[in-house]
Structures are given as structure tokens and as C-alpha cells.
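Just below is one structure, and these are the notes that go with it.
2 protein chains.
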Amino acid sequence: MTLNFIGLGVYDEKGITLYGLELAKNSDIIFLEKYTSIIPYLNIDSLEKIIGKKIIIIDRKFIEDGEIILKKAKDYNVSILTPGDPFIATTHIELRIRAEKQGIKVNIAHAPSIISVIPGEIGLQNYKFGRSATITFPDNYSEVPYDTLKQNLSLGLHTLFFLDLREDKYMSVNDGLAMLMEMENKRKENIITSDMLVIGIARVGGPNQFIKGGRISDVIKIDFGPPPHCIVIPGKLHFMEEEALIVFAKIDRELLKNRRI
Amino acid sequence: MTLNFIGLGVYDEKGITLYGLELAKNSDIIFLEKYTSIIPYLNIDSLEKIIGKKIIIIDRKFIEDGEIILKKAKDYNVSILTPGDPFIATTHIELRIRAEKQGIKVNIAHAPSIISVIPGEIGLQNYKFGRSATITFPDNYSEVPYDTLKQNLSLGLHTLFFLDLREDKYMSVNDGLAMLMEMENKRKENIITSDMLVIGIARVGGPNQFIKGGRISDVIKIDFGPPPHCIVIPGKLHFMEEEALIVFAKIDRELLKNRRI
């Protein structure tokens with residue numbers, strides 16, 4: 001029959017599209033994975049009511065193994081609900097390749113992705129973002145974010161940092177900025193300074209989001225509330241991007257003058 | 001009252017999210033702009049039935065001027081329906097800035113954007129795309145696409161080309177590739193060769209999409225059917241990206257060997 005990948009967007013259960021809802025309603029089995037990202041206001045009971053079916057929560061291993069999913073999809077309409085857009089995280093591409101190689105019809109219901117939501121909300125041009133990186137917890141310390149930022153800034157590009165998550169532990173904007181400062185302390189290449197312009201973003205994509213930009217030394221003191229959080233460090237700014245940051249990220253106009261980049 | 005920006009996604013009227021539908025249903029006035037992109041299977045009658053309200057189609061000037069929209073949004077709930085995600089095209093950012101400066105509450109219903117849909121459908125990593133560019137009609141000839149491609153390839157990055165549109169005239173994959181070849185004929189920097197790997201994409205994001213990759217000399221002969229079309233030229237490929245291109249873009253495995261990049 002079919003294997004449907006259905007995105008839920010970034011904010012709550014209302015991020016599903018009408019096409020996604022239609023696919024889900026026509027499914028015999030509905031799985032949901034919530035390990036690739038957090039949808040802060042997702043209410044699974046409410047989503048079950050909207051779809052009119054029971055939802056089975058699955059973990060990373062279940063998808064990576066994939067055997068049960070592919071076996072069921074031969075005889076039934078099977079849907080996998082995912083945070084964001086189903087194919088921005090690479091996790092699901094392998095499963096889709098295997099399904100298509102086995103002759104299972106795949107349907108995809110795209111949804112808002114953090115990758116397009118963040119630039120839109122803060123008013124930065126999507127195509128001016130360089131590579132993104134994840135700032136990891138200290139027990140899994142990595143300087144990839146530092147190197148990514150260094151390269152993006154040298155090209156004038158913006159950088160989106162995802163923040164590590166693990167079961168019920170989520171990195172905050174504050175901890176993420178502290179990690180970046182720690183990397184600078186180790187590397188001392190003068191990439192990250194305490195007066196650098198950064199934007200902290202929490203629960204993006206719906207009524208309860210919170211976005212605030214400023215100097216690292218100021219933003220690191222702000223309480224952004226519940227997760228998920230992420231951080232953007234802007235590269236070279238177009239005049240309209242500056243205007244947007246002033247209005248959408250409440251950045252002080254003065255801060256945009258005399259930037260190093 | 002409020003000004004709502006509501007995305008419709010990339011394929012048909014079912015690309016709206018449940019949140020977008022809720023905002024639209026609570027609106028007093030609903031505008032729709034369809035000049036920033038084409039939604040190939042959008043049925044406005046059907047959309048009016050889904051929302052339960054009349055939709056007023058507006059043009060570029062109406063949004064750029066914006067006076068009537070902002071005036072109405074002071075006393076009513078006003079929605080603007082847009083192709084894709086509302087803030088990937090820069091057109092709407094200025095209107096949002098003006099609204100927020102006037103104290104009008106802005107709500108945003110994100111939706112699938114071509115920017116996240118294309119990488120997902122063809123299986124290329126979103127963050128490995130460099131700048132995108134639009135290949136324009138000959139009467140508005142521009143070599144920006146050539147320079148963009150040159151720069152992206154030098155960084156190993158993928159390139160997404162949008163194809164020009166004007167009222168009822170839409171550039172095809174075939175014409176877009178011919179334009180790129182013509183730029184090479186003029187520039188002669190050996191960036192674009194007839195055996196270069198390209199991917200043609202038509203009506204992406206729903207059941208009737210068509211994706212086919214191969215050498216320019218082969219892809220240029222394929223009929224991709226009705227618009228909208230676009231073109232992707234891959235940069236450096238990860239092993240999993242190669243597998244995805246073979247399955248999702250029907251690229252011959254042999255073609256992926258011995259690529260220059």
C-alpha cells in the first residue's frame with residue numbers, strides 16, 4: 001500500500017497541512033516520532049481527535065531499523081508523523097530510499113520547517129544562511145560550531161545554531177552562548193566576542209514565541225522560558241534585514257552600526 | 001485588530017496548515033496574492049469553500065502600496081494568503097514591518113516553502129545549498145545565475161535556480177538550461193558543460209510532481225509538462241545524497257562517478 005511521511009510543523013498540532021491530515025485520516029497505522037525535534041505545544045490527545053485515530057509513538061531505533069514499518073506498509077496505509085518537515089532531518093531519507101526500492105508508494109506531506117520559519121520570523125534572507133551546526137552538551141564537547149561560524153562569517157553569511165537535546169534535557173540560549181564563549185577561550189581566534197550581535201529564539205512559529213537580539217553579554221542574561229531554543233548569529237546585513245532585526249528581534253539600532261563584519 | 005500572513009504551500013489549496021485555516025476562518029477580509037510564485041493545482045473556489053469566505057485577489061502594487069491593507073487591519077481581522085511560506089519571498093517583510101510599527105498585531109501561519117521542499121524531495125542536504133538565483137527571460141538577460149553557480153561550485157555547494165515567470169508566461173527547465181548554455185557561450189569560463197549533472201523539477205510537492213536528473217544534453221530534451229519548473233545543479237555530494245539522487249531523481253549511477261567537483 002503506502003508509506004506516508006507527514007510533517008507536523010514547529011509549534012503545535014495545528015502545523016499539519018490539510019493534505020497531511022487527509023493522508024493521516026486515510027491511514028491504517030499512524031506512528032509518531034518526536035526525537036528529531038521538539039514541538040513545544042504538541043498535544044497528542046488533541047491530534048488523535050483531529051485525525052480520529054490512535055497514534056503510536058516510536059523511537060529512533062524503530063525508524064532506523066525500519067523493518068516493521070516497511071513490512072506493514074506492504075499491506076496497509078502507514079503514516080509517520082514527524083516534527084517540522086519530514087525531510088529536513090536526514091534521518092528519514094534512508095527509510096524513504098528503502099521503501100521506494102521495495103516498490104512501496106511513498107507520499108510526502110511537507111510542513112513548515114525550522115529552516116524556513118527562523119529566517120522568516122527574524123527577517124533574514126534564507127539564502128544568506130551558511131551551514132548550520134548544533135551546540136552540544138559539555139560531555140559531548142565539539143568545536144564544530146566554532147569552525148562553522150568562522151567560515152560563515154568569512155563569507156558574510158548568517159549562522160543558525162541548533163541546541164542539543166537529550167530526553168528531557170534541553171540546552172537554553174544562555175547555555176549555548178556560554179558554550180560559544182568557552183570555545184573562544186580555548187581557541188582564542190577572536191571570532192566570538194562578548195559584544196558580538198546574536199539573536200536568541202524560543203518556541204518559534206506560533207503565538208508564544210520569544211525573540212530577542214543584542215550583544216552576547218546582554219542576551220546571555222535573558223530568560224527565554226521553556227524550550228526549544230536556538231541561536232542565530234548574523235553575517236553581513238542588507239538594509240532591509242537591519243530594519244527587520246530592529247522590529248522583530250528588538251535589537252537596538254545603535255548596535256547595528258560599526259559592526260566588524 | 002490583526003494582520004495575518006498565511007502560507008498556502010507549494011502545490012494546491014491543501015498546503016495550508018490547520019493554524020492557517022483557523023486564522024482565515026476568523027478573518028473579516030481575505031486577500032490572496034499569487035504573483036510571487038505559482039501553486040499549480042490551487043483551486044480558489046475550493047479554497048473559498050474550505051474557509052467559508054470570499055477571497056479577493058490582489059496584485060503586487062496593492063501589497064507594495066499597502067495603505068488599504070494596513071487601514072483595514074486597524075479595524076478588522078485581515079488575512080493575506082500567499083504561495084509557499086509567507087516570508088521566504090522578501091516582498092512581505094516590509095508590509096509586516098510597517099504593520100508592527102503601527103501597532104497592528106501580526107500573526108503568521110507558516111507553510112511548506114520551496115526552499116525546504118526541493119532539498120527534501122530530491123534528497124540533498126538543505127544546508128549545503130548556496131545562494132539561489134532566478135534565470136530570467138532573454139529580454140531581461142542577466143548573468144547573475146552564472147556567477148552564482150560559479151561561486152557555489154567553488155565552495156562545493158548546491159544551487160537552486162528559480163525560473164522566470166510573467167503573467168501567463170513561465171520558463172521551462174528546457175529553456176532555463178538553454179539560457180545557462182548561452183551564458184557559457186558568452187563567458188567561456190568552462191563552468192557549464194553539456195555533460196554537467198542537473199536536475200529538472202516540475203510541480204514539486206504533491207502527487208503529480210516530476211523530477212528527473214542527468215546530463216544537461218539529455219535533460220534538455222525531456223518534456224516536464226505544465227509549470228512551475230525549477231533546476232538544481234548539485235555541488236559536492238555525500239554518499240547518502242548520491243543514493244537519494246539515484247532513487248528520487250532517476251539519475252544513472254554511472255553519471256555520479258568521475259564528476260569534476
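Chains S and F are the protein sequences, given in the same order.
Each residue of the first sequence is one higher than the last, beginning at 1 in UniProt numbering.
Each residue of the second sequence is one higher than the last, beginning at 1 in UniProt numbering.
All C-beta atoms, glycine included, are put in the ideal place defined by N, C-alpha and C.
- Within the segment 133 to 154 of chain F, no residue places its CB atom closer than 8 Å to a CB of chain S.
- Nearest in C-alpha terms to S:I191, of all of S:F162, S:V173, S:N152, S:N174, is S:N152.
- For F:I251 and S:Y127, the gap between their C-alpha atoms comes out near 26 Å.
- Within chain F, not a single residue places a beta-carbon under 8 Å from that of S:V78; the smallest gap is close to 17 Å.
- For F:F31, none of the residues of chain S pass the 7 Å Cβ criterion, the least Cβ distance being about 19 Å.
- Where F:R187 is concerned, the enclosing alpha helix (DSSP H) starts and stops at 173 to 187.
- Under the three-state reduction of DSSP output, F:G7 falls in the strand class.
- Per DSSP, the continuous beta strand (DSSP E) segment holding S:F161 begins and ends at 159 to 163.
- The Cβ of S:N190 sits no closer than 7 Å to any Cβ of chain F.
- Contact annotation: the segment 48 to 55 of chain F does not touch the segment 134 to 146 of chain F, with fewer than three C-beta pairs closer than 8 Å.
- Relative to S:L70, the option among S:P86, S:L47, S:I57, S:R98 whose CA is nearest is S:R98.
- As a beta-bridge residue in DSSP terms, S:V106 pairs with S:L3.
- Distance from the CA atom of F:P40 to the CA atom of S:A24, rounded to whole angstroms, is 23 Å.
- In this structure, S:A249 places its C-beta atom within 7 Å of the C-beta atom of S:G213.
- For S:K34, same chain residues with a beta-carbon under 8 Å away, outside a window of 5 residues either side, are L42, I57, P83 in chain order.
- Under the three-state reduction of DSSP, S:Y127 is assigned to helix.
- F:S27 and F:I93 have their alpha carbons spaced roughly 21 Å apart.
- Here F:V232 really is in contact with F:L160; their C-beta atoms are around 5 Å apart, less than 8 Å.
- For S:P112, the nearest beta carbon of chain F is closer than 7 Å to its own beta carbon.
- Beta-bridge analysis with DSSP links F:N77 to F:T2.
- When Cβ pairs closer than 8 Å are counted between the two stretches, the segment 168 to 188 of chain S is seen to touch the segment 219 to 233 of chain S, the count reaching three or more.
- Residue contact check for F:A178 against chain S: no CB pair falls below 7 Å.
- In the DSSP assignment, S:F210 falls within the unbroken beta strand (DSSP E) covering 210 to 215.
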